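Residue numbers (the UniProt record's numbering): 1 to 102.
Cβ coordinates follow ideal geometry from the N, Cα and C atoms, glycine included.
These numbers were taken from a predicted model, which means no experiment stands behind them.
Before any comments, here is the structure.
Below, the structure is given as structure tokens:
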């Protein structure tokens, strides 16, 4: 998994590419969780357009990031999910927990 940070005026957006699986937990914690822990007025945007695969561990990591961001008073937007990733998010009803954008 690769994470590219795009700084913004109020908050960063992060582009996640590759596979979000258990093997990616160290990178996820270092890059995504660190950004989720920062107080910001704007939601954290995770651009998933480059994400090819997600499994149950990846879903769990997104849920953990959601909890951490919520403790800072911010939400998480999941943007650009496609293919298998979009199907898994739909089946898991993540639209009830996150803001999903095309």
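Original post:
Of the residues 66, 68 and 58, which one's Cα is nearest the Cα of residue 22?
Top reply: 58
**OP:** Output the distance between the C-alpha atoms of residue 48 and residue 39, rounded to the nearest integer angstrom.
**Re:** 22 angstroms
Original post:
Per DSSP, what kind of secondary structure is residue 55 in: helix, strand or coil?
Top reply: coil
Original post:
Quick one: what's got a C-beta closer than 7 angstroms to residue 75's C-beta in the same chain, skipping five residues either side?
Top reply: The residues are 43, 69 and 99.
Original post:
Does at least one heavy atom of the ligand COA sit under 7 angstroms from the Cβ of residue 19?
Top reply: Absence of the ligand COA is noted for the structure shown, with no ligands found whatsoever.
**OP:** Figure out for me which residue from 88, 94, 33 and 83 has the closest Cα to the Cα of residue 13.
**Re:** 33
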